[in-house]
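Chemist: If you read the sequences in order, they're chains A and Z.
With the numbering used here applied, the first sequence closes on residue 188, and no number is skipped along the way.
With the numbering used here applied, the second sequence closes on residue 438, and no number is skipped along the way.
We put the CB at the ideal spot given by N, CA and C, even for glycine.
Encoded as structure tokens, here's the structure I'll be asking about.
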Amino acid sequence: MDALLSNLDLVLFAALFMVGYFAGRWNERRHYDSIRGRERELAGVLIFTSRFPPPTTTRLDTGMVSGSVVISEDFFKGVLAGLYSFFGGRIRSYESLLDRARREAVLRMKADARTRGARMVVNVKFQTFAIGGRGQGSLKGVEMLVYGTALSPARG
Amino acid sequence: MLLSNLEIVPGRRVAKHLGLVQGSTVRAKHVGKDFFAGLKNIVGGELKAYTELLQESRAEAVERMVKQAEATGANAVLNIRFATSSITQGAAEILAYGTAVTLE
Numbered sequence: 033m034d035a036l037l038s039n040l041d042l043v044l045f046a047a048l049f050m051v052g053y054f055a056g057r058w059n060e061r062r063h064y065d066s067i068r069g070r071e072r073e074l075a076g077v078l079i080f081t082s083r084f085p086p087p088t089t090t091r092l093d094t095g096m097v098s099g100s101v102v103i104s105e106d107f108f109k110g111v112l113a114g115l116y117s118f119f120g121g122r123i124r125s126y127e128s129l130l131d132r133a134r135r136e137a138v139l140r141m142k143a144d145a146r147t148r149g150a151r152m153v154v155n156v157k158f159q160t161f162a163i164g165g166r167g168q169g170s171l172k173g174v175e176m177l178v179y180g181t182a183l184s185p186a187r188g
Numbered sequence: 335m336l337l338s339n340l341e342i343v344p345g346r347r348v349a350k351h352l353g354l355v356q357g358s359t360v361r362a363k364h365v366g367k368d369f370f371a372g373l374k375n376i377v378g379g380e381l382k383a384y385t386e387l388l389q390e391s392r393a394e395a396v397e398r399m400v401k402q403a404e405a406t407g408a409n410a411v412l413n414i415r416f417a418t419s420s421i422t423q424g425a426a427e428i429l430a431y432g433t434a435v436t437l438e
């Protein structure tokens with residue numbers, strides 16, 4: 033017991049590490065499942081990075097659509113990233129985090145487009161913004177923003 | 335007011351360019367929200383309070399841009415871009431800018 037108390041910070045670290053690992057993995061798996069499901073559902077909305085709408089004779093209505101999400105790392109990912117950034121190389125734990133965020137943001141934009149009756153979004157831009165914590169070097173999360181112009185058949 | 339991040343509007347002609355318009359806002363996080371974000375930092379996942387905060391700020395930046403465009407007599411803002419930058423610890427600036435035009 034004395035050994036446990038004297039190494040309280042180490043014990044706390046190990047506990048957070050374990051909680052981060054299991055809860056983070058569970059969260060990530062659940063999120064990916066939800067992303068895959070909605071990607072199939074919204075496959076009908078096409079997105080393009082081209083700057084101009086496709087040449088067409090039908091009249092189109094335009095409207096800006098966007099999707100954004102702020103996603104947080106878990107404790108395990110943070111520790112792993114700290115280690116990797118020391119040794120260099122791919123930080124896989126962050127790659128999946130950003131992938132999730134980007135796909136989520138795209139899905140929200142597609143859902144926005146669909147509610148406007150649009151089948152197509154052009155001039156799509158991505159923007160990533162790291163939200164720092166109050167503490168030194170602590171990362172609170174990453175904001176992923178996706179925006180573009182939705183084209184829908186003209187009404188009236 | 336038509337808002338678009340395209341340089342043109344399909345089927346319509348730009349009659350008049352009225353120049354750059356912009357809107358921005360600087361927002362800080364609520365300490366309470368920050369506390370919950372700290373908890374979320376352990377288990378991971380979406381920080382919904384932050385998502386909403388940034389969406390609200392972006393909407394406000396766009397609103398200010400639109401006000402500026404209205405003042406110049408425009409009926410559309412084209413080629414809209416967004417930028418976000420961190421000013422100090424815990425505060426961010428959201429900027430929206432574009433070109434105000436009159437469409438025929």
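Buried or exposed, going by whether 16 or more other CB atoms sit within 10 Å of the CB of residue 46(A)?
Modeler: exposed
Chemist: Is it true that the CB of residue 355(Z) sits closer than 9 Å to the CB of residue 433(Z)?
Modeler: yes
Chemist: What does DSSP give as the partner residue(s) for residue 93(A) in the beta ladder?
Modeler: DSSP lists 184(A) as partners of residue 93(A).
Chemist: For residue 405(Z), decide whether its Cβ has a neighbour in chain A, counting only Cβ atoms nearer than 9 Å.
Modeler: no
Chemist: Using 9 Å as the threshold, is the C-beta distance between residue 178(A) and residue 80(A) below it?
Modeler: no
Chemist: Quick check on the burial criterion: 16 or more other C-beta atoms within 10 angstroms. Buried or exposed for residue 169(A)?
Modeler: Any reading at residue 169(A) is ruled out, since the residue's pLDDT is 49, under 50, leaving its predicted position unreliable.
Chemist: Kindly indicate the opening and closing residues of the alpha helix (DSSP H) around residue 385(Z).
Modeler: In the DSSP assignment, residue 385(Z) falls within the alpha helix (DSSP H) that extends over 382-405.
Chemist: At the 9 Å Cβ level, is residue 389(Z) part of the contact set with chain A, yes or no?
Modeler: yes
Chemist: DSSP three-state call for residue 432(Z): helix, strand or coil?
Modeler: strand
Chemist: Give a yes or no on whether the minimum CB-CB distance between residue 358(Z) and chain A is below 9 Å.
Modeler: no
Chemist: Need the endpoints of the alpha helix (DSSP H) that residue 147(A) sits in, please.
Modeler: 124-147
Chemist: Relative to the alpha-carbon of residue 82(A), which residue among 436(Z), 339(Z), 357(Z) has its alpha-carbon at the smallest distance?
Modeler: Here the closest residue by C-alpha is 339(Z).
Chemist: From what residue to what residue does the beta strand (DSSP E) around residue 346(Z) run?
Modeler: Residue 346(Z) -> no beta strand (DSSP E), and no H or E assigned at all.
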